[in-house]
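Residue numbers (full-length UniProt numbering), protein chains in the order written: chain A, 1 to 255; chain B, 1 to 738. Yeah, the Cβ is synthetic: ideal placement off N, Cα and C, and Gly gets one too. Note that this is a predicted model, so its numbers are computed, not measured. Beneath this line is the structure, given in C-alpha cells, with notes to follow.
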C-alpha cells in the first residue's frame, strides 16, 4: 500500500522533472535510433524512380568513381524529395547500396544533419526560425499561431497530411525577421521548392498556410507590401546618389 | 530549480566574494597559467634524471636517415619520422592521458584528453593526432597543459553519470583513473545530465550508453579490426550517441574485444555483469586451448571459480585481441563436470567408485586384451605431458595404436613443416597473396583470420579461397569447392595462378579439415606443386602452411601419435579416450571396453564403461603447442573439482596398477622424457622452424577426388567439451542459427 503510494509519488516527481529538462532538448525530428513502424521498416522496398535514377547518375558523375561515398548528402536529399519530405530507413539503405557503403555510414550522416527528416512530415513542412533576431521580432508568437491554427504540436503532422511545423536555426534572413521556411514536397523532386517567407505577423503566417491549403503558391520573400526584398520600407533613405568611384592615388602625379 | 533562481544565486555569491572568484583549477599556480609557465621556464632543471619508456615502448627505426630529435619536457628523444607527439612522449617516458587514441586503431583525435603544450604553438595541441616535427619542444607538465586537461576532463564528466559504485568498469576504468590523476576536485555543472537509451548488442556485450564518452574506439574497432560495419556515431552535439540505428546484434567473432577497448563502463561483459570486482580477482597468465592459435589469456578467478577471461598482449600471436569463444566459454568449466571415478554397472547406470577400484578394473581389462586391440585416443584439449604418458603406457602394453582426434587416421608426422604454420601468424603480415585451401579461418582460428584481414586491408593482398561457401570479412575470390581447382592452379591454367605467380610473398594455407579426407595425400601433393611453381618456399620465405584446428594437434604429431593401422578402431577391444569426444566410434565393436578420462560429461561418456575424472586446462600446468609450432604453458588458476586429477598423473597411476610403471613421477621428469622425443616442446614461447621443407615428401600416385571440401567447424561457438557445456556459447550459437 505504502509502497504503491511511494512509487506513485516518485513517478509524479519524475515526470515533473522530466518536463522541465526535456523542453531544452527539442530536435528537429525523431530519435537517434530507429523503431519499426508499419510505414518505416528496413524490409519495405524502396527505390529511386526512373526520373531520379538519371539524377543519381548525374550526381555520381560529380565525384571520382572511387569516392562514391562523397555523394551521400545529395543522394539523401534526392531521396527525401522523392519520398515526400522524409527518409524511411529503407530509403537510406537504398542510398547506401548506390554509394556502396555499409548502411550505418549513411545513418550516421542522416542523423547528423537536422534537415534530413527521419519521421514523416507534411507535404508542406513549415520551419519557423527560432534564432535570436527572429525570436526578438516575435517568432514564438508566429509558431504559436500556426500551431494553434493547425491544431498540432511541433513536429507533428496534421491529420490530412498536408502540414507539419518545425523549428530551425538562423537562415541568414535576420534583416527581414521574423521568417519561416516552407519546404514544399507536394510535387516530388520535380516540383520541390524551399522558400522563405519573411516579415511575418501571426495573421500573415496563418494566411500563407491557408493559401497553401488551397493549392496556391503564395509569393515568397518579404510579406510587407511596403518593402522590396530586404530594402527599407518606403524606399531607400541612404545611398541615394550615384556611388562615388573608389579613391585612388593620382598615378600621374606619382610619376 | 529555475534558471532565474540559479542566476540570482550566482550573482549574489559573486557580489559577496568578489576578490576570490570561484575557479575550477585546483592548485593556485594554475589560476594564472601564463605567469606560472614563465616562472617554470626560468628555473628549468639542469641535469635530468633518467626516464624509462612507458610500457616498455621500443623505437624501431627502419631507416637511419629518417630520425628526428624532439624534446619532451627538456629530454631529447630520437624517433623515426612520422611518429606522433604522443608516441614521442611515450618513448620519453611520459604517459599522456588519452581516451580515443588506441595504438591499433586509426587516429580519431576527438576526446582532446591528450592535449600538450608545444613551444611556439598558440594553443595546446592534441598530441595523438599531431605528427612530431624535428626540434619540437613538447611540454607535458606545464600549467597550460594541466589546465587544458582539467578543462577537457570537466567536459567529459559533464554528462557522465556518477554511478561508479554500480559500474562494472569500476576499478579498471580509464575515466576513473584519469579523472583522479588529471581532473579537478570539483565540477561546475549543475544542470541535468543527459541520458541515452541502451542498445542491445547481443548476449555478450552489455551496454550502458549513458556512460559513453563518444571516444568512437568501438566504432573504429568494429569497422577496422572486426570487419563488421554495424556500429556508428549517430546524431550530433549533445545528442550524439553510439549505436546501430536499426536493431542489430554485433555479429562478429571478435565482438568481446570492445569490452576491453571501451575506456569507460559503456560496454561491459554481459556474462560478467555484477559478478565480481576486478580487485577481488586473481589473475593467472595462461593459454587458450579452444582453438589451435594458443591465444595468450589471463584467467581471472575468485576462489575456486573462473570469473572471466581477458587477453594478454602477445604481438606474435593474438596482439591484444581474443575471440568471443576464448573470452566467454569459461562458464562451461562449471557445468557437466566429472568429479568422481565411475563404473557403468550391469543396468547401464554409472556408479561412483574409488580411484583404487576404477584403476584396478581398467588395468585388469587391459591385460586381458591382445595388445594390437588396444587403442588410445588423445582429445582436442590434451596437453603434451599427458599425451606423452599415454603413448608410453600403450607402447609398454605392446600397442602402438594411439592418435589424436582431428589428425585423421593416417597422419603424416614425419615432416614437421607439413603440419605447422611455417610462415608464423605475425609473418602473415608480410604476405601479398593468399590461397586458402579447405579452410575457413574465420571460424577455425579467428585470430589468424584477424591477421589475414589486417594484411588484406594494409596491402590489398589478393585472397583466393577453395572450399565450401563461407563467410569472409574481407575481399576474396571463391575459386571453387573441390580439389580439382587446386590441380588447375597447379597446372597454371586457372586465372588465380597468375596472382600467385606475381606475388612477392605468396602464402598457401591448408585447413586441417583436409586431414580427414581420403585423398589427403593427393591434395597435399597438388598444394606442393602449386608451392613449387610459385616459389612459395624459398630460403627467406616459407609460405606453405597448415592451419590446425585443435590445441593438441601439433604437439600430438611432434610426439609421434600416429596409429599403426588406420582401421584400428574397427577391431579395437579396448579404447582409452583421453578427453576425446569427437572421435567417430560408430565402427567400434559393441563388446569393446571404453575408458573415458576427461573433465566433461560429453559425447565420449555415452559409450564409456569407466570414467576417470581429469582436470581441465585451467586447473593444471601443461605444455600446448599452437598451430605455428610455438610451445606455451598453461598454469593452474583454480583448484580442480571433486576427485579429479591431472591427466598425466592418472595415466601414471594406471601404469603402476597395471604393473608397467612409467619411469617419471613429476612434471619435470615427464618433461625430460618429452625432451628425448620432441625437444622443441620444452622451448616455451620460442618458434622452432621446421628444418626440412615438404619437398622431401614421397611421390604420390593418388588422384584428387571430386568430392567438395566440407567445413571443418560447423559451429564456431561449440567445438569441444568445454564450449559445448557453456550456456553463453549456447546462446551465441542459437543466434547464429537464426
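**Prompt:** Would you say residue 96 of chain A faces chain B, with C-beta separation under 7 Å as the test?
**Reply:** Locating residue 96 of chain A in the first chain gives position 96, where the first residue counts as 1. Answer no: the Cβ-Cβ gap between residue 96 of chain A and chain B never drops below 7 Å.
**Asked** For a contact meaning CB atoms closer than 7 Å, what does residue 89 of chain A contact in chain B?
**Response** As a position in the first chain, residue 89 of chain A is number 89, starting the count at 1. Under the 7 Å cutoff, chain B gives 246.
**Closest Cα partner of residue 258 of chain B within the set B:279, B:220, B:285 and B:195** = Working through the second chain from its first residue, we reach residue 258 of chain B at position 258. Checked all of B:279, B:220, B:285 and B:195; the closest Cα to residue 258 of chain B is B:220.
**Message:** For a quick check, are the C-beta atoms of residue 166 of chain A and residue 200 of chain A less than 7 Å apart?
**Reply:** Numbered from 1 along the first chain, position 166 holds the residue referred to as residue 166 of chain A. Numbered from 1 along the first chain, position 200 holds the residue referred to as residue 200 of chain A. No. Outside cutoff.
**Message:** As an exercise, report each continuous alpha helix (DSSP H) stretch of at least 4 residues that is fully enclosed by the region 71–130 of chain B, in chain order.
**Reply:** 85–91
**Asked** What does a CB cutoff of less than 7 Å around residue 455 of chain B pick up in its chain, not counting 5 residues either side in sequence?
**Response** The count along the second chain starts at 1 and reaches residue 455 of chain B at position 455. For residue 455 of chain B, where only same-chain residues beyond five positions count, the Cβ hits under 7 Å are 428, 429, 431 and 461.
**Request:** Would you check if there are 3 or more beta carbon pairs closer than 8 Å linking the region 234–251 of chain B to the region 125–133 of chain B?
**Result:** no
**Contact under 7 Å by Cβ, residue 252 of chain B with residue 228 of chain B** = For the purposes of this step, residue 252 of chain B is taken as residue 252 along the second chain, with counting starting at 1. For the purposes of this step, residue 228 of chain B is taken as residue 228 along the second chain, with counting starting at 1. Yes. Within cutoff.
**Request:** For residue 638 of chain B, count neighbouring C-beta atoms within 10 Å of its own C-beta (all shown protein chains included) and say buried if the count is 16 or more, exposed if not.
**Result:** Mapped onto the second chain, residue 638 of chain B falls at position 638. Buried, since its Cβ has 16 or more Cβ neighbours within 10 Å.
**Message:** Could you compute how far the alpha carbon of residue 675 of chain B sits from the alpha carbon of residue 412 of chain B?
**Reply:** Locating residue 675 of chain B in the second chain gives position 675, counting from the first residue. Locating residue 412 of chain B in the second chain gives position 412, counting from the first residue. Cα to Cα, the separation comes out at about 21 Å.
**Asked** Near residue 241 of chain A, which residues of its chain fall below 8 Å by C-beta distance, leaving aside the five closest residues on each side in sequence?
**Response** To locate residue 241 of chain A, count along the first chain from 1; it is residue 241. Cβ neighbours of residue 241 of chain A beyond the five flanking positions: none.
**Item:** Assigned exposure category for residue 367 of chain B - 16 Cβ within 10 Å defines buried
**Value:** If you number the second chain from 1, residue 367 of chain B lands on position 367. Residue 367 of chain B should be labelled exposed.
**Request:** Give the secondary structure of residue 492 of chain B by DSSP, where H, G and I count as helix, E and B as strand, and everything else as coil.
**Result:** As a position in the second chain, residue 492 of chain B is number 492, starting the count at 1. Residue 492 of chain B: coil per DSSP, three-state reduction.
**Message:** For the beta strand (DSSP E) containing residue 403 of chain B, name the first residue and the last one.
**Reply:** Mapped onto the second chain, residue 403 of chain B falls at position 403. 402–404 is the extent of the beta strand (DSSP E) around residue 403 of chain B.
**Prompt:** Taking any Cβ of chain A, which residues in the region 189–220 of chain B have a Cβ under 7 Å from it, in chain order?
**Reply:** 192 and 197
**Message:** Going by DSSP in three states, residue 158 of chain B sits in which element: helix, strand or coil?
**Reply:** Looking up residue 158 of chain B in the second chain gives position 158. Reduced to three states, the DSSP call for residue 158 of chain B is helix.
**Per DSSP, cross-strand counterpart(s) of residue 184 of chain A** = Position 184 of the first chain holds residue 184 of chain A. A:124 and A:193, per the DSSP bridge assignment.
**Asked** Are the Cβ atoms of residue 603 of chain B and residue 581 of chain B separated by less than 7 Å?
**Response** Within the second chain, residue 603 of chain B is the residue found at index 603, counting from 1. Within the second chain, residue 581 of chain B is the residue found at index 581, counting from 1. A contact, by the Cβ cut-off of 7 Å.
**Item:** Burial state of residue 321 of chain B, where buried means 16 or more other Cβ atoms lie within 10 Å
**Value:** Here residue 321 of chain B is taken as the residue at index 321 of the second chain, counted from 1. Buried is the call here.
**Residue from B:630, B:641 and B:594 whose Cα sits closest to the Cα of residue 616 of chain B** = On the second chain, residue 616 of chain B is found 616 positions in, with the first residue counted as 1. For the residues B:630, B:641 and B:594, the minimum Cα distance to residue 616 of chain B belongs to B:641.
**Message:** Can you look up residue 609 of chain B in the DSSP assignment and give me helix, strand or coil?
**Reply:** Mapped onto the second chain, residue 609 of chain B falls at position 609. In the structure shown, residue 609 of chain B sits in coil (DSSP, three-state: anything other than H, G, I, E or B).
**Message:** Buried or exposed for residue 380 of chain B, going by 16 or more other Cβ atoms inside 10 Å?
**Reply:** As a first step, residue 380 of chain B must be located in the second chain, where it is residue number 380. By the neighbour-count rule (16 or more Cβ atoms within 10 Å), residue 380 of chain B is buried.
**Asked** Considering only residues of the same chain and omitting the five flanking positions on each side of residue 505 of chain B, which have a CB-CB separation below 7 Å?
**Response** On the second chain, position 505 is the one that residue 505 of chain B refers to. Result list for residue 505 of chain B: 430, 431, 432, 541 and 543, in chain order.
**Item:** Per-residue contacts from residue 230 of chain B into chain A (C-beta, under 8 Å)
**Value:** One-based indexing of the second chain puts residue 230 of chain B at position 230. Within chain A, the residues near residue 230 of chain B are 102 and 104.
**Request:** Could you please give the first and the last residue of the uninterrupted alpha helix (DSSP H) stretch that includes residue 179 of chain B?
**Result:** Locating residue 179 of chain B in the second chain gives position 179, where the first residue counts as 1. Element bounds for residue 179 of chain B: 174–182.
**Request:** Let me know if residue 526 of chain B comes out buried or exposed under the rule of 16 or more other beta-carbons within 10 Å of its beta-carbon.
**Result:** Taking the first residue of the second chain as 1, we reach residue 526 of chain B at position 526. Buried, since its Cβ has 16 or more Cβ neighbours within 10 Å.
**Asked** Which residues of chain B have a Cβ atom closer than 8 Å to the Cβ of residue 34 of chain A, listed in chain order?
**Response** Residue 34 of chain A sits at position 34 when you count from the first residue of the first chain. Correct list: 245, 246 and 247.
**Prompt:** Counting pairs of beta carbons, one from the region 407–421 of chain B and one from the region 656–674 of chain B, are three or more of them closer than 8 Å?
**Reply:** no
**Prompt:** In three-state DSSP terms, what is residue 542 of chain B?
**Reply:** Residue mapping note: residue 542 of chain B aligns to position 542 of the second chain, counting from 1. Strand at residue 542 of chain B.
**Request:** Under 8 Å by Cβ, that's how I've got residue 277 of chain B and residue 171 of chain B pegged, so tell me the actual separation to the nearest angstrom.
**Result:** Reading the second chain from its first residue, position 277 is the one you call residue 277 of chain B. Reading the second chain from its first residue, position 171 is the one you call residue 171 of chain B. Right, their Cβ atoms sit about 6 Å apart.
**Prompt:** Excluding sequence positions up to five away, which residues of its chain have a Cβ less than 8 Å from the Cβ of residue 683 of chain B?
**Reply:** Residue numbering aside, residue 683 of chain B sits at position 683 when the second chain is read from its first letter. If we look at residue 683 of chain B and ignore the five residues flanking it on each side, its Cβ neighbours are 631.
**Message:** Below 6 Å, is the gap between the Cβ of residue 122 of chain B and the nearest heavy atom of the ligand GTP?
**Reply:** Looking at this structure, you won't find the ligand GTP or any other ligand, since it has none at all.
**Request:** Look up residue 569 of chain B in the DSSP assignment and say whether it is helix, strand or coil.
**Result:** What you label residue 569 of chain B is simply residue 569 of the second chain in a count that begins at 1. In this structure, residue 569 of chain B counts as coil in the three-state DSSP scheme.
**Asked** Taking just the CA atoms, how far does residue 144 of chain A sit from residue 138 of chain A?
**Response** Numbered from 1 along the first chain, position 138 holds the residue referred to as residue 138 of chain A. Numbered from 1 along the first chain, position 144 holds the residue referred to as residue 144 of chain A. Cα to Cα, residue 138 of chain A sits roughly 10 Å from residue 144 of chain A.
**Item:** Contact with chain B by residue 108 of chain A, beta-carbon distance below 7 Å
**Value:** The count along the first chain starts at 1 and reaches residue 108 of chain A at position 108. Yes, because at least one Cβ of chain B sits closer than 7 Å to the Cβ of residue 108 of chain A.
**4 or more residues per run - each alpha helix (DSSP H) lying fully within the region 379–460 of chain B** = 384–397, 441–444 and 446–459
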